[in-house]
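**Student:** Residue numbers (our numbering), protein chains in the order written: chain Z, 1 to 292; chain R, 293 to 584; chain D, 585 to 876; chain X, 877 to 1168. My structure is below; once you've seen it, I'll send some questions.
Number of protein chains: 4
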Amino acid sequence: MSIEPQPQPSSESNEFAPTLRFKLYTIIFGTSTPAGKRFDLVLIYLIVFSVLALMLDSIRWVSDLYGPYIFAFEWLFTILFTAEYLVRVYCSPKRWAYVFSFYGLVDLISILPSYVSLFVPGANFLLAIRLLRVLRIFRILKLVRYLSEANVLIRAVMMSRRKISIFAMSVLVLSVIFGSLMYIVEGPENGFSSIPKSIYWTIVTITTVGYGDITPHTVLGQIIAATAMLTGYSILAVPTGIFTAELAQEMQRDRRIRNCINCSRSGHEADSKFCRFCGAGMEEKSTPESKD
Amino acid sequence: MSIEPQPQPSSESNEFAPTLRFKLYTIIFGTSTPAGKRFDLVLIYLIVFSVLALMLDSIRWVSDLYGPYIFAFEWLFTILFTAEYLVRVYCSPKRWAYVFSFYGLVDLISILPSYVSLFVPGANFLLAIRLLRVLRIFRILKLVRYLSEANVLIRAVMMSRRKISIFAMSVLVLSVIFGSLMYIVEGPENGFSSIPKSIYWTIVTITTVGYGDITPHTVLGQIIAATAMLTGYSILAVPTGIFTAELAQEMQRDRRIRNCINCSRSGHEADSKFCRFCGAGMEEKSTPESKD
Amino acid sequence: MSIEPQPQPSSESNEFAPTLRFKLYTIIFGTSTPAGKRFDLVLIYLIVFSVLALMLDSIRWVSDLYGPYIFAFEWLFTILFTAEYLVRVYCSPKRWAYVFSFYGLVDLISILPSYVSLFVPGANFLLAIRLLRVLRIFRILKLVRYLSEANVLIRAVMMSRRKISIFAMSVLVLSVIFGSLMYIVEGPENGFSSIPKSIYWTIVTITTVGYGDITPHTVLGQIIAATAMLTGYSILAVPTGIFTAELAQEMQRDRRIRNCINCSRSGHEADSKFCRFCGAGMEEKSTPESKD
Amino acid sequence: MSIEPQPQPSSESNEFAPTLRFKLYTIIFGTSTPAGKRFDLVLIYLIVFSVLALMLDSIRWVSDLYGPYIFAFEWLFTILFTAEYLVRVYCSPKRWAYVFSFYGLVDLISILPSYVSLFVPGANFLLAIRLLRVLRIFRILKLVRYLSEANVLIRAVMMSRRKISIFAMSVLVLSVIFGSLMYIVEGPENGFSSIPKSIYWTIVTITTVGYGDITPHTVLGQIIAATAMLTGYSILAVPTGIFTAELAQEMQRDRRIRNCINCSRSGHEADSKFCRFCGAGMEEKSTPESKD
């Protein structure tokens, strides 16, 4: 489940004693201490604000009026994120492992464009790269992973992964067949200008999005379209059924797993705060994993 | 679950004896007596009619033709609701608690605009406030809460609240990413005039609403759009799965909780009218909660 | 579950001996005999063809070309359905009970317009009444009711009826609130010309249909619209959850009910053809109800 | 479940000894040997590439620029598929059974158009037939069938088939009734030009696709449309409920069926790799069926 190597910092190790570097490590990479939690919250706010700044900058009249202020904020965020990146590299037990990890690369790439734009004029095409910063929001999800609720959801998604991909492949095959049929029946004169475009239309129809930018005009086309709609409407049941069945199973398993620390009996609901056999308080399941 | 403080009127208290004020209290705030139920029904009809009057008044030709009649009805409703508000304040055991409760404020705010419009001309902007009266319809839901059916639904929603909010956050992150991508790929010339507008488009697409006011025109844009659609179509399974799994669990628990009064065995279906072990009649579950 | 009174023809009764009338009764109203099944099949085909004729007649060029032929078919169907109606009245044990039953009235009303059009010119407005014939297709559903599969479905729908109506009411309240908000925010200049129209737009949006004939143009309107979409997308989970949970329960109950005739043990799947304890063949559950 | 006759090649048979023909048979029709799996993978890639070539050819500017290259690839694929077809016929134990089987006919029909186009000019109408090649992608699904995941899905679909068809019929009846109503209420002047077109509109609305090419303009029409939307939105629950309930049952049955080879106890999860009673490794369920 983990994307990057997560070296478990052991306090027994001589080389990695509770120095400043280790303290920084527990704050930046850890989630169990109050300081670590606070750092994560601040980081999330910074990411959200930097994404908001980018969004506002994309609205013409806002950018015309407040362009310089947004520019200043952009640089403030860039400097802060640069500092964070350098500290992360500094305090990582295995520096190169972090640098080449998924989030390590995202962290680097999302701060580079601002520096590049200093030397190379024409920041337009660089905007694309700066938006990668949005990906950092997924860190919130990483925090969230430690809640048992999210764990059940993620496990259910993981369990249903293979079944969902079989379903997705069937949808693609269906889209190719319906798309080809519509291309032949309706033809370029009704907007179905090529098979790929017809497949795009089929996906719009089967997923019940229905923009209406391309619509069938012939009677046969409308019959095929109605069939595609009814198919899409019915097979929507398949992913829902898969996920629901897996989730119900996961939730049952979760209840079985959870044991009381006092009497060690299982079978408690996920939201129980007290053991239903001996009345002892039940702690939140805390897995001693490190963060990021 | 309760939004406002609900003082339990105890008949033992000297100060709060079965006077007129207490009688009014049981009628207006209570639901267990026939008079209390009748009062609630009348109130619901009044609210529905006042909302209908507001709706009709918003249609130009109706307002042109029957304006004066609707105006008269408006004032009738205002006077009735004012009377109700004053009686509510009068008979509440803790008056200020009611006045500053959620429904107390809604009750006050929804009658004020009519009076303000007497002194200040230009009722147009006040219309907005008068519409708050619609919120009073939610009182019907409060009545409904006492049915065991609604209880199961509400508990299932409460149980799945945390899981649903994790899901909602993931949808928002997805919308930001897809929206930014589409802004870069399609650009202002195809209607994606800013990132917030692109995010609006992404929500329209992911929820499979698909207005068609903004549609992708480039090939890459259509590929990303198709991906967004398929994503939206598949993750629709997540809230459904969460709610279904929780509801199934709640319904099972509901069956376990319900005991026969005669033989006190549990395990009865929610709709059983007779105990399946001893044949004794089973009463509706009635919780002695006060209303509003 | 039955809409009309269904007198159980008892062969013991002197007055209602196995005469021609009783034979006709078993054929027309019964479903257990081969003749009764055959009659129903023929009737279904006739209804389907008469509906198809009406459909084709509504297409201008078909009606221009083949008008007289369709007209002839119309009269053929009218005469056949008239004959069926008269025989039904003749062989019913309680004639008036049939005549005033739901399907008795549908049968009468669906043949009347053709006769009325003989004396009164201007068949245009009568078309509306003739289309009631479509309702007879629901007889197919009556036939289908005897299959155990449909029984489970109908019972699950019946069980979830109360929960679904609570949900429907919440959706209506939501539509009123979102509709009023949009009317205030967007106003008549953006197509939201009245509150009822805004409510229509809200229903189009919440159900994720999304025609795109009315779309929000202001930023605040788009934010409210996005909220309405996400709400609609999430609460879609509620009816699905309700129905799924009820259906799962019904299917389990169905299995519990089904007993082997040989060893009378229960717990068989709905599709089992042999008892899994003694190996004896298991018959289809046949309830000795009369038809229509 | 099998569409075509699948003769089980028995190595005991004298006539069908492990000759070249039998070797080819195990490679082309079999899936258990590494060679058979490799052959299937190559075939899938070829089909995907030939479908991609057809798609690209349908885009005008691609066909204008790279027409000759695509033409060459088309012929390459045709020759390869012809060779495959001939070898299939050669090594089939029962040749005519293969030739007249579903995939035998698809194989033949999908290579014919290219040859016919040599003698008959005007390949436009032949394009339709060549697209049948897309159907061969379903062979991937055949491969996939051997995964236990897909087995559970297919069994759940099979189990829910009858219930789903009852649902589909109800949707069709609903569409006819709503369609007829809208034809009468809105009429040809608002785009509802005939009953079949109104039924098409109803299907677009009930499945929540909502193109917006035809929309109601009268108040009564919008009320009926809103009813149709809410109906469609609610009954979406039915297929989902059916499939979910069946799938949950199938998954439970799957767990019951799976036995440990060491201690032969059942009740293992589908993804367990080790027996939870004795710790012995558990193999993938492999059914010794032949392929294609």
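A virtual CB, placed ideally from N, CA and C, is assigned to each residue, including glycine.
Find the nearest neighbour of X:Lys899 within the set X:Arg964, X:Asp933, X:Ala1113, X:Leu988, judged by alpha-carbon distance.
**Tutor:** X:Lys899 has its Cα closest to that of X:Arg964, out of X:Arg964, X:Asp933, X:Ala1113, X:Leu988.
**Student:** Against chain D, does Z:Thr208 count as a neighbour if the rule is that its beta carbon must be under 8 Å from one of theirs?
**Tutor:** Yes, contact with chain D.
**Student:** Would you decide whether D:Val700 is buried or exposed? Buried here means 16 or more other CB atoms lie within 10 Å of its CB.
**Tutor:** Per the 10 Å Cβ criterion, exposed.
**Student:** State the Cα-Cα distance for the pair R:Leu357 and R:Ala345, rounded to the nearest angstrom.
**Tutor:** So the alpha carbons of these two residues sit roughly 13 Å apart.
**Student:** Which of the three DSSP states is assigned to D:Gly775 in this structure?
**Tutor:** Here D:Gly775 sits in coil by DSSP.
**Student:** Would you call the segment 980 to 992 of chain X and the segment 946 to 957 of chain X in contact, with 3 or more CB pairs under 8 Å?
**Tutor:** Touching, per the Cβ criterion.
**Student:** Three Cβ pairs or more, each shorter than 8 Å: is that satisfied between the segment 800 to 820 of chain D and the segment 774 to 792 of chain D?
**Tutor:** Enough Cβ pairs lie closer than 8 Å, so yes.
**Student:** With a threshold of 8 Å between beta carbons, is D:Thr603 in contact with chain X?
**Tutor:** So no, D:Thr603 is outside the interface.
**Student:** In three-state terms, what does DSSP make of Z:Leu236?
**Tutor:** In this structure, Z:Leu236 counts as coil in the three-state DSSP scheme.
**Student:** Check whether the Cβ atoms of D:Pro780 and R:Met347 lie closer than 8 Å to each other.
**Tutor:** Yes. Within cutoff.
**Student:** Please name the residue in R:Gly396, R:Ile456, R:Ser485 whose C-alpha comes closest to that of Z:Val62.
**Tutor:** When each option's Cα is compared against that of Z:Val62, the closest is R:Ser485.
**Student:** So, does the CB of X:Ser1110 fall closer than 8 Å to a CB anywhere in chain D?
**Tutor:** So, interface residue.
**Student:** Going along chain D, which residues have a C-beta under 8 Å from R:Thr536?
**Tutor:** Near R:Thr536 (Cβ distances below 8 Å), the residues of chain D are Ala821, Thr824, Gly825, Thr828, Ala829.
**Student:** Quick one: which chain Z residues come within Cβ less than 8 Å of D:Glu796?
**Tutor:** Just to set this straight, residue 796 of chain D is Gly in the shown sequence, not Glu. Tyr211, Gly212, listed in chain order.
**Student:** Would you say D:Tyr653 reaches chain X, if we count a Cβ-Cβ gap shorter than 8 Å as a contact?
**Tutor:** False, the Cβ-Cβ gap to chain X never drops below 8 Å.
**Student:** Considering only the alpha carbon of each residue, which of R:Ala517, R:Lys329, R:Pro508, R:Ile362 lies closest to R:Val343?
**Tutor:** The option with the nearest alpha carbon to R:Val343 is R:Ile362.
**Student:** Given a cut-off of 8 Å on the beta-carbon distance, is the pair D:Thr824 and Z:Thr240 in contact?
**Tutor:** Closer than 8 Å, so yes.
**Student:** Excluding the 5 residues preceding and the 5 following X:Phe949 in the sequence, name in chain order all residues of the same chain whose CB lies nearer than 7 Å to its CB.
**Tutor:** The residues are Ala929.
**Student:** Can you grab the Cα-Cα spacing for the pair R:Leu512 / Z:Gly212, in whole Å?
**Tutor:** If you take the alpha carbons of R:Leu512 and Z:Gly212, they lie about 19 Å apart.
**Student:** Label R:Met450 either buried or exposed according to how many other C-beta atoms from any shown protein chain fall within 10 Å of its C-beta, with 16 as the threshold for buried.
**Tutor:** With fewer than 16 other Cβ atoms within 10 Å, it is exposed.
**Student:** Which residues, taken in chain order from the segment 463 to 488 of chain R, show a beta carbon closer than 7 Å to some beta carbon of chain Z?
**Tutor:** Flagged, chain order: Val465, Val468, Ile469, Ser472, Tyr475, Ile476, Ser486, Ile487, Pro488.
**Student:** Between the alpha carbons of D:Phe633 and D:Gly688, how many angstroms are there, rounded?
**Tutor:** So the alpha carbons of these two residues sit roughly 21 Å apart.
**Student:** When the Cα atoms are used, what is the spatial distance from R:Ser472 to X:Arg914?
**Tutor:** Roughly 41 Å separates the two Cα atoms.
**Student:** Tell me whether R:Thr318 is buried or exposed, calling it buried when 16 or more other Cβ atoms sit within 10 Å of its Cβ.
**Tutor:** By the 10 Å Cβ count, R:Thr318 comes out buried.
**Student:** DSSP state of D:Ile643, grouped into three classes?
**Tutor:** Here D:Ile643 sits in coil by DSSP.
**Student:** Kindly indicate if chain Z contains any beta-carbon less than 8 Å away from that of X:Ser990.
**Tutor:** No - not a single Cβ of chain Z is within 8 Å of the one on X:Ser990.
**Student:** Please report the Cβ distance between D:Ile783 and D:Val760, rounded to the nearest whole angstrom; I am assuming they are in contact, meaning their Cβ atoms lie under 8 Å.
**Tutor:** About 6 Å; that satisfies the 8 Å criterion.
**Student:** When you compare the CB of R:Ser490 with every CB in chain A, is at least one pair closer than 8 Å?
**Tutor:** Annotation note: the requested chain A is absent from the structure, which comprises protein chains Z, R, D and X.
**Student:** List the endpoints of the continuous alpha helix (DSSP H) containing D:Asp691.
**Tutor:** It spans 686 to 703 - the alpha helix (DSSP H) in which D:Asp691 sits, taken as one unbroken run.
**Student:** Does R:Met543 have its Cβ less than 8 Å from a Cβ in chain Z?
**Tutor:** It does not: the Cβ of R:Met543 has no partner Cβ on chain Z nearer than 8 Å.
**Student:** Between which residues of its own chain and R:Ile403 is the CB-CB distance below 7 Å, once the five residues before and five after are set aside?
**Tutor:** The answer, listed in chain order, is Thr370, Phe373, Thr374, Tyr377.
**Student:** Counting only Cβ pairs nearer than 7 Å, list the residues of chain D close to X:Ala1124.
**Tutor:** Near X:Ala1124 (Cβ distances below 7 Å), the residues of chain D are Ala832.
**Student:** Any C-beta of chain D sitting closer than 8 Å to the C-beta of X:Thr1078?
**Tutor:** Cβ-Cβ to chain D under 8 Å: no for X:Thr1078.
**Student:** Between the C-alpha atoms of Z:Val173 and Z:Ile164, what's the straight-line distance to the nearest angstrom?
**Tutor:** When rounded, the distance between both Cα atoms is 14 Å.
**Student:** Rounded to whole angstroms, what's the CA-CA distance from Z:Lys285 to R:Glu538? Just pull it up for me.
**Tutor:** Bear in mind that the predicted position of Z:Lys285 carries a pLDDT of just 43, short of 50, making it unreliable; the figure below should be weighed with that in mind. One C-alpha to the other measures close to 20 Å.
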